[in-house]
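Start counting the sequence shown at 36; every next residue gets the next number (my numbering).
Glycine included, every Cβ here is placed at the ideal spot set by N, Cα and C.
Report on one structure; see the data block that follows.
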Amino acid sequence: MVEVWVDRSEHMIRYLEVQTQGGRRVLLPMTFARVRRDRVGGNRVTVDALLASQFEGVPGTRDSQSITLLEEEKITAYYGAGTLFATPSRREPLL
């Protein structure tokens, strides 16, 4: 985790900015993040929607300090689709 994006009008955390293995900085919506304390006293962030390699494909933002509604939609849709299609087992029909 690199940065925390706060919605000043709502006084809540909206995104965590994370650095991918390829060096890109992408946004992780808080609704898809699980933050837990670890035994050492730090925090651990996990994401069930995507695999680590799929973070490279997260849509970016034009401005590094703000996000448009369209960019928010694209980013949220990417993570939402990951909950359904990130792995082959998620793509199979439920019986």
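I'd like the list of long-range same chain contacts for residue i, defined as Cβ closer than 6 angstroms, with 5 residues on each side in sequence excluded.
i	result
glutamate 81	Just to set this straight, residue 81 is threonine in the shown sequence, not glutamate. So the qualifying residues of the chain are Arg69.
Give me the Cα-Cα distance between residue i and residue j, rounded to the nearest whole angstrom.
i	j	result
alanine 84	leucine 119	8 angstroms
alanine 121	leucine 86	7 angstroms
serine 99	glutamine 56	19 angstroms
tyrosine 113	aspartate 73	28 angstroms
threonine 103	arginine 71	29 angstroms
arginine 126	glycine 115	13 angstroms
tyrosine 50	glutamate 108	13 angstroms
valine 39	serine 101	12 angstroms
Checking contacts by CB at 8 angstroms: is residue i closer than that to chain C?
i	result
tyrosine 50	Among the chains of the structure shown, chain C does not appear; only one protein chain is present.
With DSSP run on the structure shown, which of helix, strand or coil describes residue i?
i	result
isoleucine 5	Residue coverage of the chain in this structure runs from 36 to 130, which leaves residue 5 outside it and unanswerable.
leucine 86	coil
proline 123	helix
threonine 5	In this structure the chain extends from 36 to 130, so residue 5 is not present and cannot be described.
glutamate 91	helix
When the distance is taken between beta carbons, is residue j closer than 8 angstroms to residue i?
i	j	result
valine 41	glutamate 52	no
glutamate 91	arginine 59	yes
Sorted by chain position, which residues of the same chain lie with C-beta nearer than 7 angstroms to residue i's C-beta, five sequence neighbours on each side aside?
i	result
isoleucine 110	Leu62, Pro64, Val93, Pro94
Near residue i, which residues of its chain fall below 8 angstroms by C-beta distance, leaving aside the five closest residues on each side in sequence?
i	result
serine 88	Gln56
arginine 97	Thr103, Glu106
(message) Using a Cβ distance threshold of 8 angstroms, determine whether the segment 75-95 contacts the segment 37-49, with at least three qualifying pairs required.
(response) Three or more Cβ pairs closer than 8 angstroms define a contact, and the segment 75-95 falls short of that threshold against the segment 37-49.
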